[in-house]
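**Student:** Below is the structure I would like to discuss, written out as structure tokens.
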Amino acid sequence: SRILGDAQAQGLGGSYALVSGGRALAIAWRKSSFTWLAEGKGDVGEDHQSQYYGKRSAQWVRLRHRDGRTVFFLNHHGPLPVSKSGGCAGSSTAYNILKMIATNAHKDDVIVVVGDFNAQGHSSRVQALKGYLNHVYSGTSMGGVDHIFSNCDAVGHHKLGKGGSDHDALNAVFRI
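Our numbering numbers the first residue of the sequence shown as 577 and each following residue consecutively.
And the structure:
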């Protein structure tokens, strides 16, 4: 798949598993480090009629790290137009993501939320998530629409360049 090809082109070695979420979403993980426990996806928002492509989703996986800790990882591709508030494109999208986490994550899970939120840092979408999760890092491409959130602190983060996309490829390291 393209996702794994891009990762290998960036120098990431090893054997990976992949879950496609449809709607421009996928999650990959290193099989030697993580064991798959569960996965899911669902609609969390919808584009505004002024720039309508359809509904927007989030997908998640629960993975057990080889040290025994469990990670709940969620990937999201947000509604357009960029930073739109109101309707199904603003803070309601963030609250739907939080509901997905509350419904599917377990109490002691390390939670990591990433994606092209199509929302800059000042948007109601991002501000709503910041009320419940730590804001770890944001890209700068397209005004900063790519974000990483977590319930724990990162020990490091940086941009990896474009990574085969018109968006920033972001990296964050967590001590779990």
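Virtual Cβ for every residue (Gly too), placed ideally from N, Cα, C. Note that the structure is a prediction, hence the values are computed from the model and not measured.
Indicate whether D623 and P655 have their beta-carbon atoms separated by less than 8 Å.
**Tutor:** Taking 8 Å as the Cβ cut-off, D623 and P655 qualify as a contacting pair.
**Student:** Can you tell me whether DSSP reads V658 as helix, strand or coil?
**Tutor:** Here V658 sits in coil by DSSP.
**Student:** Going straight from the alpha carbon of L674 to that of A748, what length do you get?
**Tutor:** Cα to Cα, the separation comes out at about 21 Å.
**Student:** Rounded to whole angstroms, how far is the Cβ of V658 from the Cβ of A602, which I believe are closer than 8 Å?
**Tutor:** The pair is not a contact, with the Cβ atoms about 22 Å apart (cut-off 8 Å).
**Student:** Give a yes or no on whether the C-beta atoms belonging to R632 and V620 are separated by under 8 Å.
**Tutor:** Result yes, Cβ atoms of R632 and V620 sit closer than 8 Å.
**Student:** Quick check on G666: buried or exposed, where buried means 16 or more other Cβ atoms within 10 Å of its Cβ?
**Tutor:** Classification for G666: buried.
**Student:** Determine the DSSP secondary structure at A519, reduced to helix, strand or coil.
**Tutor:** A question about residue 519 goes unanswered here, because the residues of the chain that appear run from 577 up to 752.
**Student:** Any idea what DSSP makes of A704, helix, strand or coil?
**Tutor:** Here A704 sits in helix by DSSP.
**Student:** Would you call D729 buried or exposed, if buried means 16 or more other Cβ atoms sit within 10 Å of its Cβ?
**Tutor:** Exposed: under 16 other Cβ atoms inside 10 Å.
**Student:** So, at 6 Å on beta carbons, what are the nonlocal neighbours of G715 in its own chain, with the 5 sequence-adjacent residues on each side left out?
**Tutor:** Result list for G715: D722, D744 and L746, in chain order.
**Student:** Report the CB separation of V712 from H682 in whole angstroms; it is logged as a contact under 8 Å.
**Tutor:** The pair is not a contact, with the Cβ atoms about 21 Å apart (cut-off 8 Å).
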